[in-house]
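Chemist:
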Amino acid sequence: MNIRDQTLHESDPLMLYGTAMRSRLLLGTAGYPSPAILADAVTAADAGVVTVSLRRETAGGKTGARFLDLINGLGVKVLPNTAGCRTAREAITTAEMARELFGTPWIKLEVIANDDTLQPDVFGLVEAADVLTRDGFQVFPYTTDDLSVAERLQRAGCEIIMPWAAPIGTARGIVNRAGLESLRAYFPSVTLIVDAGIGAPSHAAAAMELGYDAVLLNTAVAKAADPAVMAAAFAAAVKAGRLGFEAGLMPPRDMAMPSTPVAGTPFFDLEPKS
Amino acid sequence: MIDLIVNGRVLATAAKTVGELVAMQDYVGGKIATAVNGHFVPVGRRATTLLNPGDQVEIVTPRQGG
Chain A
1 MNIRDQTLHE SDPLMLYGTA MRSRLLLGTA GYPSPAILAD AVTAADAGVV TVSLRRETAG
61 GKTGARFLDL INGLGVKVLP NTAGCRTARE AITTAEMARE LFGTPWIKLE VIANDDTLQP
121 DVFGLVEAAD VLTRDGFQVF PYTTDDLSVA ERLQRAGCEI IMPWAAPIGT ARGIVNRAGL
181 ESLRAYFPSV TLIVDAGIGA PSHAAAAMEL GYDAVLLNTA VAKAADPAVM AAAFAAAVKA
241 GRLGFEAGLM PPRDMAMPST PVAGTPFFDL EPKS
Chain B
1 MIDLIVNGRV LATAAKTVGE LVAMQDYVGG KIATAVNGHF VPVGRRATTL LNPGDQVEIV
61 TPRQGG
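Chain order of the listed sequences is A and B.
Taking the numbering used here, the leading residue of the first sequence gets 1, the next gets one more, and so forth.
Taking the numbering used here, the leading residue of the second sequence gets 1, the next gets one more, and so forth.
1) Should P335(A) and V122(A) be called a contact, given that it needs their Cβ atoms to be closer than 8 Å?
2) Which residues does DSSP list as the beta-bridge partners of W320(A)?
3) So which residues of chain B does L25(A) contact, with C-beta pairs closer than 9 Å?
4) Label Y186(A) either buried or exposed according to how many other C-beta atoms from any shown protein chain fall within 10 Å of its C-beta, with 16 as the threshold for buried.
5) Between N2(A) and chain B, is any beta-carbon pair separated by less than 8 Å?
6) Give the list of continuous alpha helix (DSSP H) stretches no shorter than 4 residues that lie fully inside the stretch 7-43 of chain B.
7) Taking the alpha carbon of T275(A) as the reference point, which residue from L54(A), N72(A), L101(A) has its own alpha carbon closest?
8) Note down, one range per segment and in chain order, each beta strand (DSSP E) of at least 3 residues found wholly within the stretch 6-51 of chain A.
9) Based on the DSSP output, what are the partners of M162(A) in its beta bridges?
10) Rounded to whole angstroms, what's the CA-CA distance from E110(A) to I161(A)? Just pull it up for me.
11) Examine chain A for any beta-carbon lying closer than 8 Å to the beta-carbon of T61(B), and answer yes or no.
12) Start and end of the alpha helix (DSSP H) containing Q154(A)?
13) Please name the residue, chosen from P33(A), D69(A), V78(A), A45(A), that lies closest to T19(A) on a Cα-to-Cα basis.
14) Counting only Cβ-Cβ distances shorter than 8 Å, please list the residues of the stretch 63-86 of chain A near chain B, keeping chain order.
15) In chain B, what lies closer than 7 Å to L16(A) by C-beta?
16) Kindly indicate the opening and closing residues of the beta strand (DSSP E) around L192(A).
17) Name, in chain order, the residues that DSSP records as bridge partners for R66(A).
18) Where do the N-terminal and C-terminal ends of the beta strand (DSSP E) with N77(A) fall, by residue?
19) Can you tell me which of the three DSSP states V122(A) falls into?
20) For E127(A), count neighbouring C-beta atoms within 10 Å of its own C-beta (all shown protein chains included) and say buried if the count is 16 or more, exposed if not.
21) Taking C-beta pairs closer than 8 Å, name the residues in chain A that N7(B) reaches, listed in chain order.
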């Protein structure tokens, strides 16, 4: 880490419900070739937060305990999700079980409307967010880029909004750039995290250049030929994008403009030729 | 004996409470959370939460997630 990185992290950390995080990359834990590769990827990503889930157990709870031991050994904060829930009621119950199991009020709230697109059911999402925040949860809602839904989520008590870049697992990158720009402009002080659809480090950098506070991804790292190296690539991209945003990006122009000074150009005729 | 739906499968059991069911299914000591008929049953209420025929019980553990 160079001096600029250290200054960035000390002066402007990512805030997640009052917790300062040194990393702006949140990493999922699903789909890795092995637990050891997962651990290597989390380390290489320099991720401060990893997402986890709950699933039915048939081995007396021992499988889950082993996974939890692995995660606890990584020294990162855990963000449980409600993946696969199709109603607000399912998501609320799953969140309650997650809070007991993982000992955290954090919950990545997912209420899924459609199996093919994995599009959030934004009506159930807002309903569940309202119930959970009243019950003391700190909700990270996975949502679309719809501004009015984000507004409802904020009104329901969400201090963080997590719009998708593209549907989960598609690796398309930012599909609706204008939508994400509008969200950022409309919620300048809300923590905004791009969640889902990120396929390449350049996608993550683009999200950070838009001024997003962090990026959450899973499959692009887990399914890479070398997940640990890809995790390092994403870590670098997120830092580069953030630095670029903080430095102030020049706006695009319609016409070309020379970067080399025109004045004094050799062979340049000051007088019009007769 | 009563028939329950435990994690989506029919299970005939003599358990009268969630706590007894967890013990009989060898979940004691494991890292689990429970729900009955869609409602969370905290660890402290398992022993007093009675089971009725047809109840849908969920027993879950930590797992990888995105």
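Beta carbons are placed, not taken as given, at the ideal position from N, Cα and C, and that holds for glycine.
Modeler: Per the coordinate set shown:
1) Nothing in the structure corresponds to residue 335(A), since chain A is present only between 1 and 274.
2) The structure shown has nothing for residue 320(A), since chain A only spans 1 to 274.
3) Those do not exist, as L25(A) stays about 14 Å from chain B at its closest Cβ, beyond 9 Å.
4) With fewer than 16 other Cβ atoms within 10 Å, it is exposed.
5) Caution is warranted here: a pLDDT of 48 is assigned to N2(A), below 50, making its placement in the model unreliable, and the coordinate value is therefore given only provisionally. No - not a single Cβ of chain B is within 8 Å of the one on N2(A).
6) Under the rule that a run must span 4 or more residues, the alpha helix (DSSP H) segments found entirely inside the stretch 7-43 of chain B read 18-24.
7) Only positions 1 to 274 of chain A appear in the structure, and residue 275(A) is not among them; the question remains open.
8) Entirely contained in the stretch 6-51 of chain A, the beta strand (DSSP E) runs reaching 3 residues are, in chain order, 14-16, 19-21, 25-28.
9) The partner list for M162(A) (beta bridge, DSSP) reads Y142(A).
10) Here the alpha carbon of E110(A) sits roughly 12 Å from the alpha carbon of I161(A).
11) Yes - at least one Cβ of chain A is within 8 Å of the one on T61(B).
12) Its alpha helix (DSSP H) spans residues 147-155.
13) Considering only alpha carbons, the answer is V78(A).
14) Identification of residues in the stretch 63-86 of chain A having a C-beta nearer than 8 Å to some C-beta of chain B yields T63, G64, A65, F67, L68, I71, P80, N81, A83, given in sequence order.
15) Neighbourhood of L16(A) in chain B, by CB distance below 7 Å: empty, with the nearest CB roughly 17 Å away.
16) Bounds of the beta strand (DSSP E) holding L192(A) are 191-195.
17) For R66(A), which the question treats as bridged, DSSP gives no partner whatsoever.
18) Per the sequence shown, the amino acid found at residue 77(A) is Lys instead of Asn. Secondary structure note for K77(A): its beta strand (DSSP E) is the uninterrupted segment 77-80.
19) Correct three-state label for V122(A): helix.
20) Buried, because 16 or more other Cβ atoms sit within 10 Å of the Cβ of E127(A).
21) Listed by position along chain A, the residues whose Cβ is nearer than 8 Å to that of N7(B) are R56, E57, T58.
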